[in-house]
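Undergrad: Taken in sequence, the protein lines are chains A and B.
In my numbering, each residue's number is its place in the first sequence (first place is 1) plus 25.
In my numbering, each residue's number is its place in the second sequence (first place is 1) plus 8.
Virtual Cβ for every residue (Gly too), placed ideally from N, Cα, C.
Mind looking over this structure? Questions follow.
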Amino acid sequence: MIPFEALLPYGVIIIMFGVAGTGMSAAKLLREGGNKPRVHRDAWDKMMMERDMRLTKEYRKQSDEPIAPEDFKTSSVWRASRIWDD
Amino acid sequence: MTTSKTNPREPHAQPYYITDPTPLPSHIPSVPEIGATSAPLLSASYFIGARCAPYNEDFMLCRSQSRSGETDCLKEGRRVTRCAISVLEDINKSCQAEFRKHWGCLENENHDLSRCRLDEAPLNACVSKFLNLTKVIPNSDGTPINDYETPSFFQKKVKAKYEQ
Numbered sequence: 026m027i028p029f030e031a032l033l034p035y036g037v038i039i040i041m042f043g044v045a046g047t048g049m050s051a052a053k054l055l056r057e058g059g060n061k062p063r064v065h066r067d068a069w070d071k072m073m074m075e076r077d078m079r080l081t082k083e084y085r086k087q088s089d090e091p092i093a094p095e096d097f098k099t100s101s102v103w104r105a106s107r108i109w110d111d
Numbered sequence: 009m010t011t012s013k014t015n016p017r018e019p020h021a022q023p024y025y026i027t028d029p030t031p032l033p034s035h036i037p038s039v040p041e042i043g044a045t046s047a048p049l050l051s052a053s054y055f056i057g058a059r060c061a062p063y064n065e066d067f068m069l070c071r072s073q074s075r076s077g078e079t080d081c082l083k084e085g086r087r088v089t090r091c092a093i094s095v096l097e098d099i100n101k102s103c104q105a106e107f108r109k110h111w112g113c114l115e116n117e118n119h120d121l122s123r124c125r126l127d128e129a130p131l132n133a134c135v136s137k138f139l140n141l142t143k144v145i146p147n148s149d150g151t152p153i154n155d156y157e158t159p160s161f162f163q164k165k166v167k168a169k170y171e172q
C-alpha cells in the first residue's frame with residue numbers, strides 16, 4: 026500500500042495545472058463577455074469588430090437594433106499615411 | 009514629427025488616424041444607419057438577401073460601373089440600407105427570441121454558421137412562417153434550406169426535434 030504522503034506531490038501538480046488552466050479560461054471569458062475568444066480573425070472580422078466597437082462602445086457587445094444611434098454616422102476612423110512634401 | 013530630411017532613417021509611411029465629425033451636406037437625403045452589429049447581421053444576412061436582392065444587385069452593378077464607386081451610387085445605397093432596416097425590424101417584431109438565441113450562439117462560436125444549426129432551424133421556421141422569407145444558398149439549385157428532399161441524418165434529427 027502506498028502511503029498517502031507519496032501521492033501529495035501529484036496532487037499539488039494536478040491542482041496547479043488545474044488552477045492555471047481555469048485561471049486562463051476565466052480571464053479569457055471575462056475579457057470576451059462570456060463568449061469564447063475569436064480566432065482566425067481576418068481583415069473582414071477586424072473591420073466588423075471595429076464597427077461593433079463604434080456602435081456599442083464595448084468590446085464584443087452586440088446589439089440587434091435596426092437603427093443606429095445618431096453619432097454612428099460621423100464616428101468613422103480612417104487610417105492614413107503621412108506624406109512628406111519635400 | 010520629424011521629417012525625412014532631418015532624419016533619413018525614419019520610415020516614410022507613418023499611419024495616423026483621421027476622424028471627420030462634419031455631417032453629410034443637407035442636399036443629400038438623410039437615411040438611418042443599420043444599428044445591428046456583426047453577429048445579428050450575419051444571422052439575418054440570408055433573409056436580408058431574400059428580401060433585398062433587387063436593391064442589392066442594383067447597388068453592386070452601379071458601383072462596379074461607376075468611376076468613383078460609392079459616391080455615384082448614394083441613391084441605390086440608401087435603398088439597400090432602408091430595405092435591410094425593414095428586414096431587421098420585422099425579425100425583431102415577430103421572431104426576436106429565436107433570433108437572439110441564434111446570434112448569441114454565433115457570437116460564441118467564432119461566427120461559424122455550421123456550429124449553430126440547432127439554433128438556426130427554429131429561426132428559419134419562424135421567419136418563413138411570419139415573414140415569408142426563406143434561406144436559399146446562392147449559386148445552388150435554389151432549394152429553400154428547410155425543404156431538402158433527402159435531408160441528411162443531422163437535418164432529420166433537427167427536424168424531428170423542432171416539429172413535434
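Within 8 Å of any Cβ in chain A, is that where the Cβ of tyrosine 25 (chain B) sits?
TA: Interface residue, yes.
Undergrad: May I ask you to list the residues that DSSP assigns as paired with arginine 104 (chain A)?
TA: According to DSSP, arginine 104 (chain A) bridges with B:Tyr25.
Undergrad: So, does the CB of arginine 104 (chain A) fall closer than 8 Å to a CB anywhere in chain B?
TA: For arginine 104 (chain A), the answer is yes, since a Cβ of chain B falls inside 8 Å of its Cβ.
Undergrad: So which residues on chain B does valine 64 (chain A) lean against when the C-beta distance must stay under 7 Å?
TA: Neighbours of valine 64 (chain A) on chain B, chain order: Asn118.
Undergrad: If you follow the alpha helix (DSSP H) that glutamate 115 (chain B) is part of, which residue opens it and which one closes it?
TA: That run of the alpha helix (DSSP H) goes 104-116.
Undergrad: Pull up the distance between the alpha-carbon of leucine 65 (chain A) and that of threonine 47 (chain A), whole angstroms please.
TA: Here residue 65 (chain A) turns out to be histidine, not leucine, going by the sequence shown. Their Cα atoms are separated by approximately 23 Å.
Undergrad: Between valine 92 (chain B) and the rest of its own chain, which residues show a CB-CB distance below 7 Å, the 5 nearest in sequence each way excluded?
TA: For the record, residue 92 (chain B) in the displayed sequence is alanine; it is not valine. Taken in chain order, the residues that qualify are Ile42, Ile56, Cys60.
Undergrad: Three or more beta-carbon pairs under 8 Å between the segment 24-37 of chain B and the segment 65-79 of chain A, yes or no?
TA: No: the two stretches stay apart, fewer than three of their Cβ pairs being nearer than 8 Å.
Undergrad: Between the C-alpha atoms of aspartate 96 (chain A) and leucine 80 (chain A), what's the straight-line distance to the nearest angstrom?
TA: Computed Cα separation, rounded: 9 Å.
Undergrad: Once DSSP output is grouped into helix, strand and coil, what is the label at isoleucine 42 (chain B)?
TA: Three-state DSSP puts isoleucine 42 (chain B) in a strand.
Undergrad: Report the partner residues of valine 144 (chain B) according to the DSSP bridge assignment.
TA: DSSP output for valine 144 (chain B) lists B:Pro152 as bridge partner(s).
Undergrad: What number of angstroms, rounded off, separates the C-alpha of arginine 86 (chain B) from the C-alpha of valine 39 (chain B)?
TA: Those two C-alpha atoms are separated by around 7 Å.
Undergrad: Could you tell me the boundaries of the beta strand (DSSP E) in which aspartate 89 (chain A) lies?
TA: That run of the beta strand (DSSP E) goes 89-92.
Undergrad: In this structure, how does DSSP classify alanine 92 (chain B) when only helix, strand and coil are distinguished?
TA: Alanine 92 (chain B): helix per DSSP, three-state reduction.
Undergrad: Does the CB of serine 122 (chain B) have a neighbour CB from chain A at under 8 Å?
TA: No, no contact with chain A.
Undergrad: In the DSSP assignment, find the alpha helix (DSSP H) that holds cysteine 70 (chain B) and state where it starts and stops.
TA: 53-73 is the span of the alpha helix (DSSP H), which, as asked, contains cysteine 70 (chain B).
Undergrad: If you compare alpha carbons, which of A:Arg107, A:Glu57, A:Ala93 is closest to tyrosine 84 (chain A)?
TA: With distances taken between Cα atoms, tyrosine 84 (chain A) lies closest to A:Glu57.
Undergrad: Considering only the alpha carbon of each residue, which of A:Gln87, A:Lys61, A:Leu54 lies closest to methionine 73 (chain A)?
TA: Closest by alpha carbon: A:Gln87.
Undergrad: Taking the continuous alpha helix (DSSP H) assigned at glutamine 75 (chain A), which residues delimit it?
TA: The sequence given here has glutamate at residue 75 (chain A), not glutamine. Glutamate 75 (chain A) -> alpha helix (DSSP H) spans 68-81.
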